[in-house]
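Keeping their order, the protein sequence lines are chains W and C.
Numbering-wise, the first sequence is residues 1 to 312 according to my numbering.
Numbering-wise, the second sequence is residues 1001 to 1312 according to my numbering.
As structure tokens, the structure follows; a few thoughts come after it.
Number of protein chains: 2
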Amino acid sequence: MPHRVALLERVRGEQNRGRHVPMLAIAGDSASGKTTLTRGLVGALGSDKITSMCTDDYHRYDRTERKSLPFTPLNPECNYLTIMEQHLQLLTLGQPILKPVYNHAQGTLDRPVLLEPQEFVIIEGLFPLYSKLSRACFDVTVFLDPPEPLRHKWKVNRDTSQRGYTEEQVLADLVRREPESAAFIRPQRKHADIVIRFKPTSDDNGDNLNVEILLRPTITHPDLSDILSSDTREAIHLKLIRDEDGKPVDALHVHGGAPQGMTREIEEAIWSHMNIPTPIPESIGSVGPANRSEPLAVAQLVLLYHLLAANS
Amino acid sequence: MPHRVALLERVRGEQNRGRHVPMLAIAGDSASGKTTLTRGLVGALGSDKITSMCTDDYHRYDRTERKSLPFTPLNPECNYLTIMEQHLQLLTLGQPILKPVYNHAQGTLDRPVLLEPQEFVIIEGLFPLYSKLSRACFDVTVFLDPPEPLRHKWKVNRDTSQRGYTEEQVLADLVRREPESAAFIRPQRKHADIVIRFKPTSDDNGDNLNVEILLRPTITHPDLSDILSSDTREAIHLKLIRDEDGKPVDALHVHGGAPQGMTREIEEAIWSHMNIPTPIPESIGSVGPANRSEPLAVAQLVLLYHLLAANS
């Protein structure tokens, strides 16, 4: 019988470069800040070093088709998740993929594009932590967990300015999506190594955000114990707490109004763990043109630390 | 270091169904008869048993883009061959793929489609035997090798009736493609287990084709020695010859004008090797509506035999 499986295995072995590409997952609901976080990381090392991809591209239906379907894009049924898993495996093994393309501006599925993994890969989207196989592809996993009112505001702003929806449409969509957010998206939080929660400060108009970064003991975080206190009256502190499920976790808190010297010290401390001779890149902490957030910078530096650590 | 490669390997192992899907490659130049051959095979077992796919879908550029490029679709550079190889490996391992789509009528690259391998897979196209990795994916490999004048006639007929070209455009295109046919397509002939050459009979207007089927000893062919003579005066004969490269090969010749009883006998003999209780399906030998070719039927039955043998 001309079974050629053994031959295929041999030829695959000859051609397999045996690479392992460090991959970071950034999961979170729609408009939870995934793209802003990713943009700073790609900017820090450069797109010749980091390949980033959004799993929204694995939508199974275009906007017109979805109108007659009983679910939203937050439903696994609405996405090619098996193909997403397959592509995540290929990328972390150093192989190129022909990635589908969802055109957010038009709501159409366009021709696919070739994507080759560079030295590092960041995958952001609704489902990267949904399945066991998908999670096994990542070295570091993050879930973005802003309070719902803040996320709703971000979603209205973005979808009305960039995706051609009216405010009423976005609000109606948020209501329609809520059951699937609860069923499929928020449960991914428990699988993340790091949970990042931006939230408004109580002392201004809400544009100046705090961040709480939960550092779970599933991976080894940079040691910041010599520069951080657990005194919650400090603008930046690291405190052992119980997560909402009761499990122990380190919570790194950075107040949006913290003095710049103080945030700079912690940023430099994390940066120094990475052994990169240049200063901290400008893209870290950038929120659009001429707008900076030190809490965002700290969150991004923690992620960059883990991405680089996975390669060493 | 949080390397999760071992975890990924374990989870992949748990989920891998360990399937091997028998795959048949039908390679050949443009308009060499690949689709006609494939259609009869899919019709014989049904599309719920055979998945077929054309590798033209792996074109890298659309028709408009190709106008400013220095090569034709026959050039490997003009195709996502690495992705084709990757998808062939996935299919023979029983995995689904998100297949790109080249729209021949419009010349555009459209949204990709999900393709799941059924019990058997047929891959037809310009490049399935081009690389070592690609060839290793197949259980049976075929190259279609009609004389160039016959293929040119077929190409003019098809491209003017179905693909929106004028006869002048097709003829100019054939001239432009010739160096790349010689460089990239015809060399695949030497890698095929079976070479099929339809050619006009000398005794009519050329619509009634003979076939010569070269059965290379790279796989085990059905034993037809008890019903076939090597007397080349017979309308159907099996003769040991030297191929154009000097290598020994069995040549099964079926004359287009052979008496139907004679071709039926050989068809039934091959069919009986497959242990299928039903009669030979009607799709075998069909050339469009109400048109039959017994030489085509014999060629298809030989391929069907090998596809089924690979599964047993």
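Glycine included, each C-beta is placed from N, C-alpha and C at the ideal position.
From a predicted model like this one, the values you see are computed outputs, not experimental measurements.
Checklist entry - Which residues share a DSSP beta bridge with Met1053 of chain C? => result For Met1053 of chain C, which the question treats as bridged, DSSP gives the partners C:Ile1123.
Next on the checklist: Within a Cβ cutoff of 8 Å, which residues of the same chain sit near Leu1238 of chain C, ignoring the five residues on either side of it in sequence?
Outcome noted: Contacts found: Leu1224, Ser1225, Leu1228, Ser1229, Ser1230, Asp1250, Ala1251, Leu1252 and His1253.
Item to check | Proximal chain W residues relative to Ile1083 of chain C, where beta-carbon distance stays under 8 Å | outcome: Against chain W, the beta carbon of Ile1083 of chain C has neighbours under 8 Å at Pro96, Ile97, Leu98 and Leu114, listed in chain order.
Checklist entry - So, Gln1300 of chain C versus Ile1284 of chain C, is the Cβ gap smaller than 8 Å? => result Yes.
Checklist entry - Would you call the CB atoms of Leu1127 of chain C and Leu1081 of chain C closer than 8 Å? => result Before going further, note that residue 1127 of chain C is Phe rather than Leu in the sequence given. At the C-beta level, Phe1127 of chain C and Leu1081 of chain C come within 8 Å of one another.
Next on the checklist: If distances are taken between C-alpha atoms only, which option among W:Val302, W:Leu74, W:Pro295 and W:Leu307 comes closest to Val175 of chain W?
Outcome noted: Ranking W:Val302, W:Leu74, W:Pro295 and W:Leu307 by CA distance to the CA of Val175 of chain W puts W:Leu74 first.
Next on the checklist: With a threshold of 8 Å, are at least 3 pairs of Cβ atoms found where one atom belongs to the region 114–132 of chain W and the other to the region 22–40 of chain W?
Outcome noted: Flag = yes, the region 114–132 of chain W and the region 22–40 of chain W touch.
Item to check | Inter-residue Cα distance where the pair is Asn157 of chain W and Asp173 of chain W | outcome: If you take the alpha carbons of Asn157 of chain W and Asp173 of chain W, they lie about 14 Å apart.
Item to check | Residues that Arg111 of chain W contacts on chain C, provided the C-beta gap is smaller than 9 Å | outcome: Within chain C, the residues placing a beta-carbon under 9 Å from that of Arg111 of chain W are Asp1062, Pro1100, Val1101, Thr1108, Leu1109, Asp1110, Arg1111 and Pro1112, ordered along the chain.
Next on the checklist: Cutting at 8 Å between CB atoms, please list the residues of its own chain near Ala105 of chain W, excluding the five before and the five after it.
Outcome noted: Taken in chain order, the residues that qualify are Gln162, Arg163 and Gly164.
Item to check | Residue interval of the alpha helix (DSSP H) (run including Thr1082 of chain C) | outcome: Start and end: Leu1081 to Thr1092.
Item to check | Proximal residues of chain D, C-beta to C-beta of Leu24 of chain W below 7 Å | outcome: Included in the structure are the protein chains W and C, with no chain D among them.
Next on the checklist: Which residues does DSSP list as the beta-bridge partners of Pro1100 of chain C?
Outcome noted: Answer is none; Pro1100 of chain C lacks a bridge partner.
Item to check | chain C contact for Tyr80 of chain W (CB, 8 Å cutoff) | outcome: Taking a beta-carbon distance threshold of 8 Å, Tyr80 of chain W counts as an interface residue toward chain C.
Checklist entry - When you compare only the Cα positions, how much space is there between Pro259 of chain W and Leu93 of chain W? => result Looking at the two C-alpha atoms, the distance is approximately 43 Å.
Item to check | Neighbouring residues, chain W, relative to Gln1300 of chain C (Cβ below 8 Å) | outcome: Per Cβ cutoff of 8 Å: no residues; Gln1300 of chain C is ~18 Å from chain W at best.
Item to check | At least three beta-carbon pairs within less than 8 Å, the region 1186–1198 of chain C to the region 1138–1145 of chain C | outcome: They touch, by the three-pair rule.
Checklist entry - Whose C-beta lies closer than 6 Å to the C-beta of Val121 of chain W among residues of the same chain, with five residues either side of it excluded? => result Cβ within range, chain order: Val21, Met23, Thr51 and Leu91.
Item to check | Cβ neighbours of Arg1292 of chain C in the same chain (closer than 8 Å, five flanking residues each side left out) | outcome: Correct list, in chain order: Gly1285 and Ser1286.
Next on the checklist: Any beta carbon of chain W sitting closer than 8 Å to that of Thr1051 of chain C?
Outcome noted: No, its Cβ sits nowhere closer than 8 Å to a Cβ of chain W.
Checklist entry - Can you tell which of C:Ile1185, C:Lys1247, C:Val1101 and C:Arg1066 has its C-alpha closest to the C-alpha of Arg111 of chain W? => result Measuring from the Cα of Arg111 of chain W, the nearest candidate turns out to be C:Val1101.
Next on the checklist: I'd like to check one pair, Ile236 of chain W with Ile213 of chain W: are the Cβ atoms closer than 8 Å?
Outcome noted: In this structure, Ile236 of chain W does not lie closer than 8 Å to Ile213 of chain W by Cβ.
Checklist entry - Gln86 of chain W versus chain C: which residues are under 9 Å apart at the beta carbon? => result Simply Leu1090, Gln1095, Pro1096, Ile1097 and Leu1098.
Next on the checklist: I'd like to confirm the pairing. Which residues does DSSP put opposite Asp1110 of chain C in its beta bridges?
Outcome noted: Asp1110 of chain C pairs with C:Val1101.
Next on the checklist: Looking at Lys199 of chain W: is its Cβ nearer than 8 Å to the Cβ of Asn210 of chain W?
Outcome noted: Judged by their CB atoms, Lys199 of chain W and Asn210 of chain W are nearer to each other than the 8 Å cut-off.
Item to check | Reduced DSSP category for Val1021 of chain C - H, G, I as helix; E, B as strand; rest coil | outcome: Under the three-state reduction of DSSP, Val1021 of chain C is assigned to coil, being neither helix nor strand.
Item to check | Exposure label - Ser1134 of chain C; buried when at least 16 CB within 10 Å | outcome: Buried is the call here.
Checklist entry - What is the DSSP secondary structure of His306 of chain W, counted as helix, strand or coil? => result In the three-state DSSP reduction, His306 of chain W falls in the helix class (H, G or I).
Checklist entry - Arg1151 of chain C: which of C:Asp1139, C:Val1113, C:Gly1046 and C:Arg1197 sits nearest, CA to CA? => result Ranking C:Asp1139, C:Val1113, C:Gly1046 and C:Arg1197 by Cα distance to Arg1151 of chain C puts C:Arg1197 first.
Checklist entry - Taking 8 Å as the CB-CB cut-off, is Cys1054 of chain C touching chain W? => result Contact of Cys1054 of chain C with chain W is not assigned, every C-beta pair being separated by 8 Å or more.
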